[in-house]
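At the far end of the sequence shown sits residue 217, using the numbering used here, and the numbering has no gaps. By construction, the Cβ of each residue, glycine as well, lies at the ideal position given by its N, Cα and C atoms. What follows is a single structure, written as structure tokens, with notes after it.
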Amino acid sequence: MAQADTQVAQTRTALTPQQKKASTLAAYLKTKEAAFAALLPSTLKPEKMMKGFWAAAARNPKILECTAASVLNCFMVASSLGLEIGRLRGGMHVVPFGNTLTPVPDYRGLMDLAFRSGQILGIRAVAVYDGDHLEYAEGTDDKIVHIPKLDADRSASKLKFVYAVAHLRDARPQFVVLTRQEVEQHRARSKAKDNGPWVTDYVAMALKTAIKGLCNWLPAAPEKLVQ
């Protein structure tokens, strides 16, 4: 028995500081699981949220430097919105600012929330690159005409515009068009302008900016989208 205790102690001692933080945080989240699990929709399970969080932490170890309270807050917010943490397509990012972890929904997550109003038949965000043809009109005959250049360079440096379109039930489509300069103005106001998705996923964040602008024009926006 004494030998087994010694082996356990040695194993704990052998853990790296990062592993110790992860172990402590995992134990803390386990004690709080019931709190955020109660907020989850039936389509999401606590285990999936945990798995997504640890996948995000593996991609960005700075997450483990954040306070346990801010990590739990991310779980609570993501659970209440029904958005999966760490999902690469359509969910909730968790972004560290100093030692505070902040929940940041991506543009697909926002579109998911918009769909829940029941008033939207379709919604999408599109990037326009150098070489594409784009024209749009506002007034009595609003419209967008976008003809992509099939062999255009689709890198972030070549992004020229973004737009978002929602097709509504019993109403005309709504759309928002933003220039690269307008996207940059939105980025400049973000506290995450120099780290997180604005650095690693610029185009996705530009599309999200268009979706957020479009949400201001959507009828009967669901409470969770407003939140």
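Taking C-beta separations shorter than 8 Å and ignoring five residues to either side along the sequence, the partners of Ala194 in its chain run Asp96, Tyr97 and Pro187, following chain order.
Beta-bridge pairing by DSSP links Tyr119 to Leu149. For the pair Arg114 and Val155, the CB atoms are nearer than the 8 Å cut-off. Considering only Leu62, Ser69 and Ala46, the residue with the shortest C-alpha distance to Thr21 is Leu62. The C-alpha of Asp191 lies about 34 Å from the C-alpha of Asp131.
For Leu140, no alpha helix (DSSP H) segment is defined, and its DSSP state is neither H nor E. Taking a C-beta distance under 8 Å as the contact criterion, Ala196 and Leu149 qualify as a contact pair. Look at Pro51 here: in three-state DSSP terms it is helix. Residue ranges of uninterrupted beta strand (DSSP E) with 3 or more members, entirely inside the region 27 to 97 and ordered along the chain, are 82 to 87 and 90 to 95. Look at Leu103 here: in three-state DSSP terms it is helix.
Of the candidates His136, Ala117 and Leu208, the residue whose Cα lies closest to the Cα of Val173 is Ala117. Here DSSP, grouped into helix, strand and coil, assigns Gly112 to strand.
Counting along the chain, Thr190 sits inside no beta strand (DSSP E); it lies in the alpha helix (DSSP H) bounded by residues Pro187 to Thr190. Nearest Cα to Gly72 within the set Leu100, Thr6, Thr14 and Lys52: Leu100.
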